[in-house]
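Encoded as structure tokens, the structure appears first; notes follow it.
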Amino acid sequence: MTPKRFIHVGTGGWGRYWSRTVIPHLRELGIAEPVAAIDVNPANLANAREGYGIAEDRCYTDPVKAFREQAADFAIVVVPPAHHEAIVDLALEAGCDILSEKPVADTMASSARIFLKVTRAGRKMAITMSHRFDQDKQTLERLVRSGAYGPVNYIVGRLALNNRRFGDWGDFRHRIADPLLIEAAVHQFGIIRGLAGANARSVYATSWNPDWGDYAGDSTALAVVEMENGVRASYEGSKTNASTISPWEEEYWRVECRDGTLELDRRRLRLLRGGAKEFPTVEELALDDGPPWLNPLLAEQFVGWLDGGPEVATRIEDSIHDTALTMAAIESAHTGRAVDVPAFTQAHLDAAAGELGVPA
Numbered sequence: 054m055t056p057k058r059f060i061h062v063g064t065g066g067w068g069r070y071w072s073r074t075v076i077p078h079l080r081e082l083g084i085a086e087p088v089a090a091i092d093v094n095p096a097n098l099a100n101a102r103e104g105y106g107i108a109e110d111r112c113y114t115d116p117v118k119a120f121r122e123q124a125a126d127f128a129i130v131v132v133p134p135a136h137h138e139a140i141v142d143l144a145l146e147a148g149c150d151i152l153s154e155k156p157v158a159d160t161m162a163s164s165a166r167i168f169l170k171v172t173r174a175g176r177k178m179a180i181t182m183s184h185r186f187d188q189d190k191q192t193l194e195r196l197v198r199s200g201a202y203g204p205v206n207y208i209v210g211r212l213a214l215n216n217r218r219f220g221d222w223g224d225f226r227h228r229i230a231d232p233l234l235i236e237a238a239v240h241q242f243g244i245i246r247g248l249a250g251a252n253a254r255s256v257y258a259t260s261w262n263p264d265w266g267d268y269a270g271d272s273t274a275l276a277v278v279e280m281e282n283g284v285r286a287s288y289e290g291s292k293t294n295a296s297t298i299s300p301w302e303e304e305y306w307r308v309e310c311r312d313g314t315l316e317l318d319r320r321r322l323r324l325l326r327g328g329a330k331e332f333p334t335v336e337e338l339a340l341d342d343g344p345p346w347l348n349p350l351l352a353e354q355f356v357g358w359l360d361g362g363p364e365v366a367t368r369i370e371d372s373i374h375d376t377a378l379t380m381a382a383i384e385s386a387h388t389g390r391a392v393d394v395p396a397f398t399q400a401h402l403d404a405a406a407g408e409l410g411v412p413a
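Be aware that the sequence shown starts at 54, since it is given in our numbering, and climbs by one per residue.
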């Protein structure tokens, strides 16, 4: 295949990881080549030059100028969620498909507009819901979906870290509203959707920031989700714990099935079984071998999709449900009421359609 040309937007912060890990992976496969790198902070462009060797004259601080001067097949968007829609608009105007960091945007209104703009334009867009597509979570999801342990009763998930001091989790996350739910729970909600094999029907959440958390918004949350197939899930998330007990990429998950308990803790997967008065028997389960995981896997699959391969599981038509569950949880936390997720989603899509002047 002829390598796809792309513009990389956002080379600082998490963009450094993309510059040094994901984009080199695409180049090594020979399936994609950068034509421009963009960051409003010129110092951050060093990550692109050093990470994947882009030339100085293809580094931009002005995204409008970059999209105007450099023809590309797709854009990689690695900027804070509040800026996603503006970059998506530029990419669509330039006729580009889009691979974006999660969530779709920082609000449901913006996410709904992006969804309608992309689908109405007939472009392809995917969201890097990377943590669901890590080795351990994909192994767990495959075992659950296999049916070998019977139907799922409920799911328990936890992400809990000590990132309480300002800057421990990137400066901007300490400044925004609802950082835990927007920047973290979106990943865990995606994992819940994958394990349950269904979209959410309702969510009830509560969130807060303890006195010792250096956050402008809520750094801690608890949520209960009911899926459309009847599976229930509970979620615990915290960035202000006294210790890190379930860190990024090592989250705790327990899936209670009829014929066994599947427990994943710090990448250790176990099957537990036992009677009413017995200590459970424990069987250690091996993680699946496979290709690169996380963002390198999703980026590789996305480029393959653009080249006529199978649809990716994180295309916007699917990932909008992860974002909708996240935003519905925020709505629930702010109002103190459970939220009907499909109704919440449709209401925002209808409002966005009216705002954009397109059919709902």
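No residue lacks a Cβ here, since even glycine has one placed at the ideal position from N, Cα and C.
Fill in: Limits of the unbroken beta strand (DSSP E) element including Val205
205 to 213
Worksheet item: Are the beta-carbon atoms belonging to Asp159 and Arg176 less than 8 Å from one another?
Response: no
Practice prompt. Would you give the residue range spanned by the beta strand (DSSP E) that Ser260 belongs to?
Written response: 253 to 261
Worksheet entry | Whole-angstrom C-beta distance between Ala85 and Leu234, which should lie under 8 Å | Not quite, the Cβ-Cβ distance comes to about 32 Å (not below 8 Å), so this is no contact.
Worksheet item: Is it true that the CB of Ala128 sits closer than 8 Å to the CB of Phe423?
Response: Here the chain has residues from 54 to 413 only, and residue 423 is not among them.
Practice prompt. Assign Asp187 to one of three DSSP states: helix, strand, or coil.
Written response: coil
Worksheet entry | Beta-ladder partner(s) of Tyr113, from DSSP | Ile91
Item to complete: Take the Cβ of Met54 as the centre, count every other Cβ of all protein chains shown within 10 Å, and call the residue buried at 16 or more, exposed below.
Response: exposed
Worksheet item: What are the start and end residues of each continuous beta strand (DSSP E) run of 3 or more residues lying completely inside the segment 281 to 337, in chain order?
Response: 285 to 291, 305 to 310, 313 to 318, 321 to 326
Worksheet entry | Inter-residue CB distance, Val292 and Trp222 (contact presumed, cutoff 8 Å) | The sequence shown places Lys at residue 292, not Val. Yes, they are in contact, since the Cβ atoms of Lys292 and Trp222 sit about 6 Å apart, within 8 Å.
Discussion item. At the level of alpha carbons, what is the spacing between Asp189 and Gly210?
Written reply: 14 Å
Discussion item. If I measure Cβ to Cβ from Pro204 and keep anything under 6 Å in the same chain, skipping five residues before and after, which residues do I get?
Written reply: Arg311
Worksheet entry | Ser385: first and last residue of the uninterrupted alpha helix (DSSP H) it sits in | 369 to 388
Discussion item. Counting C-beta neighbours from all protein chains within 10 Å, is the total for Pro388 16 or more, i.e. buried, or is it exposed?
Written reply: It is Thr, not Pro, that sits at residue 388 in the sequence shown. With fewer than 16 Cβ atoms within 10 Å of its Cβ, Thr388 is classed as exposed.
Worksheet item: So, using beta-carbon positions, are Asp92 and Thr64 closer together than 8 Å?
Response: yes
Worksheet entry | Contact between the segment 180 to 187 and the segment 298 to 313 (3+ Cβ pairs under 8 Å) | yes
Worksheet item: Which residues mark the beginning and the end of the alpha helix (DSSP H) in which Phe168 is found?
Response: 161 to 174
Worksheet item: Looking only at its own chain, which residues have a Cβ that is under 6 Å from the Cβ of Asp342, when we skip the five neighbours before and after it?
Response: none
Practice prompt. For Ser385, I'd like the list of residues in its chain whose CB is within less than 7 Å of its CB, leaving aside the five on either flank, ordered along the chain.
Written response: Val256, Tyr257, Ala258, Ala391, Val392
Practice prompt. Identify whether Asp224 lies in helix, strand or coil by the three-state DSSP scheme.
Written response: helix
Item to complete: Note down, one range per segment and in chain order, each beta strand (DSSP E) of at least 3 residues found wholly within the segment 105 to 155.
Response: 127 to 130, 150 to 154
Worksheet entry | Span of the alpha helix (DSSP H) around Thr398 | 394 to 409
Worksheet item: In its own chain, which residues sit with a C-beta less than 8 Å from the C-beta of Arg321, not counting the 5 before and 5 after it?
Response: Glu337
Worksheet item: How many whole angstroms separate the CB atoms of Ala162 and Ala352, which I take to be in contact at a CB cut-off of 8 Å?
Response: 28 Å between Cβ atoms; not a contact.
Worksheet item: What are the start and end residues of the alpha helix (DSSP H) that includes Ala19?
Response: What the structure shows of the chain is the stretch from 54 to 413, and residue 19 is not part of that stretch, so it cannot be assessed.
Worksheet item: For Leu324, does the count of other Cβ atoms within 10 angstroms reach 16, so buried, or fall short, so exposed?
Response: buried
Worksheet item: Asn294: which of Gly266, Ser287, Leu193, Leu317 sits nearest, CA to CA?
Response: Gly266
Worksheet item: Can you tell which of Arg254, Ser260, Leu248 has the C-alpha that lies nearest to the C-alpha of Ala237?
Response: Ser260
Item to complete: Run the CB neighbour count on Asp115, radius 10 Å, all protein chains shown included, and call it buried at 16 or more, exposed below.
Response: exposed
Fill in: Presumed contact (8 Å Cβ cut-off) between Ala89 and Ala135, rounded CB distance
About 22 Å; that fails the 8 Å criterion.
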